[in-house]
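The structure under discussion appears below in the form of structure tokens.
Residue numbers (this note's numbering): 4 to 61.
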């Protein structure tokens, strides 16, 4: 059986490190977190989807 392919850091492309997976360092992990918090990354939603509350009711 072949060894699993080494995953690369999605930020800089260096090999990922177990401690920071899927990133290579805390720096790259922090860059990714900042991109989520600043709105650079978004998950699109449709306007016609009802918003559910905590009970699952629309």
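From the three backbone atoms N, C-alpha and C, an ideal C-beta is built for every residue, glycine too.
> Can you round the beta-carbon distance between residue 31 and residue 54 to whole angstroms, since I take them to be within the 8 Å contact cut?
Replying inline: The sequence position of residue 31 within the chain shown is 28, counting from 1. The sequence position of residue 54 within the chain shown is 51, counting from 1. Contact flag wrong, Cβ pair sits at about 33 Å.
> Helix or strand or just coil, what does DSSP make of residue 11?
Replying inline: Counting from one through the chain shown, the residue named residue 11 turns up at place 8. Residue state, collapsed to three classes: strand.
> Taking Cβ to Cβ, would you say residue 18 is nearer than 8 Å to residue 11?
Replying inline: In the chain shown, residue 18 corresponds to position 15, counting from 1. In the chain shown, residue 11 corresponds to position 8, counting from 1. Contact: yes.
> Quick one: Cα of residue 58 to Cα of residue 39, how far?
Replying inline: Start at 1 with the first residue of the chain shown, and residue 58 comes out as number 55. Start at 1 with the first residue of the chain shown, and residue 39 comes out as number 36. Distance between the alpha carbons of residue 58 and residue 39 is about 27 Å.
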